[in-house]
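Chemist: Residue numbers (the working numbering), protein chains in the order written: chain A, 48 to 228; chain B, 30 to 288. The C-beta atom is built at its ideal place from N, Cα and C for all residues, glycine as well. Let me give you the structure first, and then I'll get to my questions.
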Amino acid sequence: MVIRTQVPAIHHSTNEIWNLLEGLTDPEIPALTLREMGIIRHVEMIGKRQVIIAITPTYSGCPAMEQIHDDILSTLEAAGFQVEVRTQLAPAWTTDWLTEQAKDKLKSYGISPPNRLCSGPSSVEHPMYFLRYSKEVEKSVQCPHCSSNNTLESSRFGSTACKALYKCLDCTEPFDYFKPY
Amino acid sequence: MPHFAYVLHLADNCIILGQRNAQWCGNGPILEEDIAMANNSLDLIGQARMLYQYAAELKGGLATEDSLAYFRDAHDFKNYTLLELPHYGPLVGYAVENLDYSVTIVRNFLFSTLMVLMWEKLQHSKDTRLAAIAAKSLKEVRYHLRHAHDWLVRFGDGTHESQARAQAALNHLMPYTQEFWIQAPFETAAYNANIGIDTLDLKKDWTSLVGDTLNEANLMTPPGGGYLTSGKLGLHSEHLSYLLGEMQSIARAHPDGVW
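In structure tokens:
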């Protein structure tokens, strides 16, 4: 399987910025940094101490976006930078951008990571196919606690927009599943 | 700006159903569904924000996402009438508190099916901003559709009571979907500019997908026809003003409030 990681490449001139941003985590999933989530799309120096940061929302109604915006601003300003944070919509954020390392972190945090890529063949993604055959597209979800695949969806929507609620039929623990998006 | 009205129509659809479904927050039939409907509303209101922000830029002047959402009256809203209706069927509701989840599910199903097909096409709009919003919204509305589809099958293929209620909700709401297929002048203008789509091009797939699910759910497709609503032209039912009255009250009471 080809694992496509689309974490933006780190350029030398922006190293200091990326290092500062590395301390910032997703307010709702503190196990992952903003970089690992793929929320920071672009860092550009426009002067010696002036920088533009492009971020992209995960879900369109994600209430954490303003917090993320403020966190970036205050962190970089405290380090003496002049910052502009822009929101970028395209390309739309996808869980395909989560690195394998990020998925491992999610699992140890108790969240089952997305079990498939979203950028499948377009025929599978077509709405007609999607609704008629969605059960066949969906693979079983692994329990992050005992790694059993014998799990059951309790609710397609969970504690945050990006998660579904599952329970494990072997260890009987409930858990969150990070939905492929 | 030929497509300001078009973007506003899409935004109004999202916010009105988002606000309507948010009524379940704290009132859900079971905890999981309470959470599901709150999530569904969060997505729709998020989509509405992206669209209102864009519409405000197209309009220019002092327009903002907030002025468009909170400081327009019912006749300026361009949402489908379907989306503003209360959560009860035509004969069972006496008060807003009479909530019937089958009405909620049937409406979400009919609308999400349309939006999955519409966002899919709008991803290729000549307007790159609208295309970007479409690509994001599509991912979310697919989950809404699957949620509504699964519950509709459970209701239709469930008990006598759940089947009867789902059928009643379907008979009640189906005539309102006729509005999907009649082009408003702003839709024609957006279509001619390669920005919008002709919804009539979606009708075949929509009818086929809806038919599939109704079959699976042992529900009868209601006969066509009935009164043709024109919510997107600003001619609404009596229910929209009450919905807006609640939604806009805080912003209007504190017009310069910032929080």
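Between which two residues does the alpha helix (DSSP H) carrying A/Ala208 extend?
Modeler: Start at 1 with the first residue of the first sequence, and residue 208 of chain A comes out as number 161. A/Ala208 -> no alpha helix (DSSP H), and no H or E assigned at all.
Chemist: Please list the terminal residues of the continuous beta strand (DSSP E) segment that includes A/Val98.
Modeler: Walking along the first sequence from the start, residue 98 of chain A turns up at place 51. Note, A/Val98: beta strand (DSSP E), 97 to 102.
Chemist: Give me the residue from B/Ile162, B/Gln52, B/Ser278 with the minimum Cα distance to B/Pro115.
Modeler: Counting from 1 along the second sequence, the entry for residue 115 of chain B is found at position 86. For B/Pro115, the nearest C-alpha among the options comes from B/Gln52.
Chemist: Measuring only the C-alpha atoms, how far is B/Ala92 from B/Ala85?
Modeler: The residue labelled residue 92 of chain B in the question sits at position 63 within the second sequence. The residue labelled residue 85 of chain B in the question sits at position 56 within the second sequence. Whole-angstrom Cα-Cα distance: 5 Å.
Chemist: I'd like to check one pair, B/Gln48 with B/Leu272: are the Cβ atoms closer than 8 Å?
Modeler: Here residue 272 of chain B refers to the residue found at position 243 of the second sequence. Here residue 48 of chain B refers to the residue found at position 19 of the second sequence. Yes. Within cutoff.
Chemist: Please go through the same chain and pick out, in chain order, the residues whose beta-carbon is closer than 7 Å to the beta-carbon of A/Glu124, but skip the five residues on each side of it.
Modeler: Here residue 124 of chain A corresponds to residue number 77 of the first sequence, with the count starting at 1. Closer than 7 Å at the Cβ level, and outside the excluded window around A/Glu124, lie Val130.
Chemist: Closer than 7 Å, Cβ to any Cβ of chain A: which residues of the segment 159 to 191 of chain B, in chain order?
Modeler: Ala161, Ile162, Ala164, Lys165, Ser166, Lys168, Glu169, Arg171, Tyr172, Leu174, Arg175, His176, His178
Chemist: Secondary structure at A/Arg133, three-state DSSP: helix, strand or coil?
Modeler: Mapped onto the first sequence, residue 133 of chain A falls at position 86. Strand at A/Arg133.
Chemist: Is there a Cβ from chain A that is less than 8 Å from the Cβ of B/Gly68?
Modeler: By 1-based counting over the second sequence, the position of residue 68 of chain B is 39. Here residue 68 of chain B is Asn; the residue named in the question, Gly, does not match the sequence. Closer than 8 Å to some Cβ of chain A, the Cβ of B/Asn68 qualifies, so yes.
Chemist: Would you call the segment 246 to 260 of chain B and the segment 102 to 112 of chain B in contact, with 3 or more CB pairs under 8 Å?
Modeler: Yes: the two stretches touch, three or more of their Cβ pairs being nearer than 8 Å.
Chemist: Under three-state DSSP, which class holds B/Met249?
Modeler: Taking the first residue of the second sequence as position 1, residue 249 of chain B is located at position 220. The answer is coil: DSSP assigns B/Met249 none of H, G, I, E or B.
Chemist: Using a threshold of 8 Å, state whether the C-beta atoms of A/Ser166 and A/Pro191 are closer than that.
Modeler: Position 119 of the first sequence, counted from the start, is the residue given in the question as residue 166 of chain A. Position 144 of the first sequence, counted from the start, is the residue given in the question as residue 191 of chain A. Not in contact: A/Ser166 and A/Pro191 (Cβ atoms no closer than 8 Å).
Chemist: Answer yes or no: does any C-beta atom of chain A fall closer than 8 Å to that of B/Met79?
Modeler: Along the second sequence, read from residue 1 onward, the residue named residue 79 of chain B stands at position 50. Closer than 8 Å to some Cβ of chain A, the Cβ of B/Met79 qualifies, so yes.
Chemist: Can you give the Cα-Cα distance for A/Thr134 and B/Glu61, rounded to whole angstroms?
Modeler: On the first sequence, position 87 is the one that residue 134 of chain A refers to. On the second sequence, position 32 is the one that residue 61 of chain B refers to. Those two C-alpha atoms are separated by around 32 Å.
Chemist: Along the chain, where does the alpha helix (DSSP H) containing A/Leu120 start, and where does it finish?
Modeler: Within the first sequence, residue 120 of chain A is the residue found at index 73, counting from 1. Looking at the DSSP string, the run of the alpha helix (DSSP H) that includes A/Leu120 is 112 to 125.
Chemist: Is DSSP giving A/Glu69 helix, strand or coil here?
Modeler: As a position in the first sequence, residue 69 of chain A is number 22, starting the count at 1. If DSSP states are grouped into helix, strand and coil, A/Glu69 belongs with coil.
Chemist: At what residues does the alpha helix (DSSP H) containing B/Val170 begin and finish?
Modeler: In the second sequence, residue 170 of chain B corresponds to position 141, counting from 1. Element bounds for B/Val170: 157 to 185.
Chemist: Check for me: the beta strand (DSSP E) holding A/Phe225 runs from which residue to which?
Modeler: Sequence index remark: in the first sequence, residue 225 of chain A carries index 178 (1-based). Looking at the DSSP string, the run of the beta strand (DSSP E) that includes A/Phe225 is 221 to 225.
Chemist: Could you tell me whether the segment 162 to 171 of chain B touches the segment 128 to 135 of chain B, using the rule of 3 or more Cβ pairs below 8 Å?
Modeler: Fewer than three pairs of CB atoms, one per stretch, sit closer than 8 Å, so the segment 162 to 171 of chain B makes no contact with the segment 128 to 135 of chain B.
Chemist: Name the one or two DSSP bridge partners that A/Ser202 has.
Modeler: Residue 202 of chain A sits at position 155 when you count from the first residue of the first sequence. DSSP lists A/Leu212 as partners of A/Ser202.
Chemist: Which residues in the same chain as B/Met79 place their Cβ atom closer than 6 Å to its Cβ, once the five residues preceding and following it in sequence are excluded?
Modeler: Locating residue 79 of chain B in the second sequence gives position 50, counting from the first residue. The answer, listed in chain order, is Ile162.
Chemist: Only counting the same chain, and skipping five residues up and downstream in sequence, which positions put a Cβ closer than 6 Å to that of B/Lys155?
Modeler: Residue numbering aside, residue 155 of chain B sits at position 126 when the second sequence is read from its first letter. Closer than 6 Å at Cβ, skipping near neighbours: Asn223, Ile224.
Chemist: Inspect the beta-carbon positions of B/Ala198 and B/Gly118 and report whether they are closer than 8 Å.
Modeler: Start at 1 with the first residue of the second sequence, and residue 198 of chain B comes out as number 169. Start at 1 with the first residue of the second sequence, and residue 118 of chain B comes out as number 89. Going by C-beta atoms, B/Ala198 is nearer than 8 Å to B/Gly118.
Chemist: Using CA atoms only, rank isn't needed, just tell me which of B/Thr133, B/Asp41, B/Lys165, B/Arg136 is closest to B/Phe106.
Modeler: Locating residue 106 of chain B in the second sequence gives position 77, counting from the first residue. With distances taken between Cα atoms, B/Phe106 lies closest to B/Asp41.
Chemist: Against A/Phe222, what residues of chain B qualify as contacts under a CB-to-CB distance less than 8 Å, listed in chain order?
Modeler: Translated into the one-based positions of the first sequence, residue 222 of chain A becomes position 175. Going along chain B, no residue has its Cβ under 8 Å from A/Phe222, so there is no contact; the nearest lies around 15 Å.
Chemist: Can you tell me the Cα-Cα spacing of B/Thr133 and B/Phe33, whole angstroms?
Modeler: Locating residue 133 of chain B in the second sequence gives position 104, where the first residue counts as 1. Locating residue 33 of chain B in the second sequence gives position 4, where the first residue counts as 1. CA-to-CA, the gap between B/Thr133 and B/Phe33 works out to about 29 Å.
Chemist: Mind checking which residues open and close the alpha helix (DSSP H) that includes B/His268?
Modeler: Taking the first residue of the second sequence as 1, we reach residue 268 of chain B at position 239. Here the alpha helix (DSSP H) through B/His268 covers 268 to 282.
Chemist: Put A/Val90 into one of helix, strand or coil per three-state DSSP.
Modeler: Residue numbering aside, residue 90 of chain A sits at position 43 when the first sequence is read from its first letter. Looking at A/Val90 - three-state DSSP - the assignment turns out to be strand.
Chemist: Quick one: is B/Asp156 near chain A, going by C-beta distance under 8 Å?
Modeler: The residue given as residue 156 of chain B occupies position 127 in the second sequence. No, because no Cβ of chain A sits closer than 8 Å to the Cβ of B/Asp156.
Chemist: Should B/Thr54 be labelled buried (16 or more other beta-carbon atoms within 10 Å of its own) or exposed?
Modeler: Stepping through the second sequence from its first residue, residue 54 of chain B is reached at position 25. Looking at the sequence shown, residue 54 of chain B is not Thr but Cys. It is exposed - the Cβ of B/Cys54 has fewer than 16 other Cβ atoms within 10 Å.
Chemist: In the DSSP assignment, what are the bridge partners of B/Leu264?
Modeler: Residue 264 of chain B sits at position 235 when you count from the first residue of the second sequence. Answer is B/Ser259.
Chemist: Helix, strand or coil: how does DSSP classify A/Ile76 here?
Modeler: For the purposes of this step, residue 76 of chain A is taken as the residue at position 29 of the first sequence. A/Ile76 carries a coil assignment under DSSP once its states are collapsed to helix, strand and coil.
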